[in-house]
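Numbering (the numbering used here), first residue to last: 65 to 338.
Heads up, the beta-carbon is just placed ideally off N, CA and C, and yes, glycines get one too.
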Amino acid sequence: MDDNKNEQLNENQHEYDNGFHPKEVHLKPNYVFYRKSIWYKFWNKFLVLLFKLIFFIPNYLFAGVRIKGKKNKKNVKGAMIVSNHVYPFDIFIILTSLPSKRIYVTTLESNMGFGLVSTFFRDGGAVPIPTDSMLLRRFNRETPEVINKGYSVLFYPEAALIPYCDHVRNLLPGAFHYAYSSTKKIIPTVMTFHKPKGIYKLFRGKKPCLHYNILEPYYIEELGNKRQSLEKAKEDIQKIMSDYFVKNSDYYYDENGNRNDTPIYHKTKKKKKN
Numbered sequence: 065m066d067d068n069k070n071e072q073l074n075e076n077q078h079e080y081d082n083g084f085h086p087k088e089v090h091l092k093p094n095y096v097f098y099r100k101s102i103w104y105k106f107w108n109k110f111l112v113l114l115f116k117l118i119f120f121i122p123n124y125l126f127a128g129v130r131i132k133g134k135k136n137k138k139n140v141k142g143a144m145i146v147s148n149h150v151y152p153f154d155i156f157i158i159l160t161s162l163p164s165k166r167i168y169v170t171t172l173e174s175n176m177g178f179g180l181v182s183t184f185f186r187d188g189g190a191v192p193i194p195t196d197s198m199l200l201r202r203f204n205r206e207t208p209e210v211i212n213k214g215y216s217v218l219f220y221p222e223a224a225l226i227p228y229c230d231h232v233r234n235l236l237p238g239a240f241h242y243a244y245s246s247t248k249k250i251i252p253t254v255m256t257f258h259k260p261k262g263i264y265k266l267f268r269g270k271k272p273c274l275h276y277n278i279l280e281p282y283y284i285e286e287l288g289n290k291r292q293s294l295e296k297a298k299e300d301i302q303k304i305m306s307d308y309f310v311k312n313s314d315y316y317y318d319e320n321g322n323r324n325d326t327p328i329y330h331k332t333k334k335k336k337k338n
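Next up, the structure:
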């Protein structure tokens, strides 16, 4: 994993500017990435329930969020979960939709610089990907161990948030090393966009409704060479997610440059360059 340090650090970046800017973050040498205490267990479950109550109305009533593939929920335990990153609050949809012993959510280290908001996010299961090389080595070692113990860890292989992006972007390879070093089980999940119908036309306007789709588990095939095994896994997951998005989303732009008839609502803010 140490050989992939630079690769992972390149994934630890912002592309979307939501108008809020975090304070500079410096993780302590003894930083605990994966908390497992009894107190944290109950506090985490309480917060996830609270998130579900808070976001029920905006997500399910106003945004038209629906969960698809519920039969695949049983496969989540002890797996690496991947998803496209297309909605500012998609993490809350995921956290409150998947049953698991506990779901940890990897995030940019800089996201720990939003004060009280970051504290609650951290307590809800957020785990920062460190930029310090010493901490990164420990993070690389502990993440597969956590998955092997039956916990689930969520990664966004696209790395950056682009709201309402109309295609599955190229997946970066760093996250797949953790699945390879643990159970080799990956749960692909996909956010898709759908035309508002009925009362949602009033709530959403031109914005699409969101569906969170839980797909069947994928197991990394051992080809005798780690690099080849990971490359095939990345390509397979890319195809699974992209094909599902194009087939099921009402708004899409596929890898061949083909777009459906209805343009997607697409509003992004790019971070200003210094």
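Residue i in three-state terms, based on DSSP
{"i": "residue 293", "result": "helix"}
{"i": "residue 243", "result": "helix"}
{"i": "residue 104", "result": "helix"}
{"i": "residue 130", "result": "strand"}
{"i": "residue 237", "result": "coil"}
{"i": "residue 252", "result": "strand"}
{"i": "residue 203", "result": "helix"}
{"i": "residue 317", "result": "strand"}
{"i": "residue 214", "result": "coil"}
{"i": "residue 310", "result": "helix"}
{"i": "residue 125", "result": "helix"}
{"i": "residue 304", "result": "helix"}
{"i": "residue 177", "result": "helix"}
{"i": "residue 141", "result": "coil"}
{"i": "residue 87", "result": "coil"}
{"i": "residue 225", "result": "coil"}
{"i": "residue 96", "result": "coil"}
{"i": "residue 163", "result": "coil"}
{"i": "residue 232", "result": "coil"}
{"i": "residue 117", "result": "helix"}
{"i": "residue 287", "result": "coil"}
For residue j and residue i, the rounded distance between their alpha carbons
{"i": "residue 163", "j": "residue 114", "result": "15 Å"}
{"i": "residue 244", "j": "residue 228", "result": "30 Å"}
{"i": "residue 257", "j": "residue 92", "result": "40 Å"}
{"i": "residue 101", "j": "residue 192", "result": "18 Å"}
{"i": "residue 172", "j": "residue 262", "result": "38 Å"}
{"i": "residue 180", "j": "residue 186", "result": "10 Å"}
{"i": "residue 107", "j": "residue 131", "result": "25 Å"}
{"i": "residue 223", "j": "residue 146", "result": "11 Å"}
{"i": "residue 231", "j": "residue 196", "result": "32 Å"}
{"i": "residue 205", "j": "residue 239", "result": "13 Å"}
{"i": "residue 128", "j": "residue 303", "result": "26 Å"}
{"i": "residue 348", "j": "residue 225", "result": "Lying outside 65 to 338, the shown extent of the chain, residue 348 is not represented and no answer is given."}
{"i": "residue 124", "j": "residue 189", "result": "22 Å"}
{"i": "residue 301", "j": "residue 285", "result": "12 Å"}
{"i": "residue 96", "j": "residue 122", "result": "33 Å"}
{"i": "residue 120", "j": "residue 236", "result": "31 Å"}
{"i": "residue 90", "j": "residue 313", "result": "40 Å"}
{"i": "residue 104", "j": "residue 152", "result": "25 Å"}
{"i": "residue 138", "j": "residue 198", "result": "35 Å"}
{"i": "residue 78", "j": "residue 175", "result": "Per-residue confidence for residue 78 stands at a pLDDT of 46, beneath the threshold of 50, marking its modelled position as unreliable; the derived number appears in the next sentence. In a straight line, the C-alpha of residue 78 is about 10 Å away from that of residue 175."}
{"i": "residue 126", "j": "residue 242", "result": "36 Å"}
{"i": "residue 143", "j": "residue 234", "result": "21 Å"}
Span of the beta strand (DSSP E) around residue i
{"i": "residue 185", "result": "Residue 185 -> not in any beta strand (DSSP E); alpha helix (DSSP H) instead, spanning 180-187."}
DSSP bridge partner residues for residue i (one or two, in chain order)
{"i": "residue 258", "result": "273"}
{"i": "residue 219", "result": "146"}
{"i": "residue 190", "result": "169"}
{"i": "residue 282", "result": "250"}
Where the alpha helix (DSSP H) containing residue i begins and where it ends
{"i": "residue 264", "result": "264-268"}
{"i": "residue 155", "result": "154-159"}
message: Could you check whether the region 210-223 touches the region 245-252, counting it as contact only if at least three pairs of C-beta atoms, one from each stretch, sit closer than 8 Å?
response: yes
query: Within the chosen definition, does the region 290-298 reach the region 146-162 through at least 3 CB pairs nearer than 8 Å?
result: no
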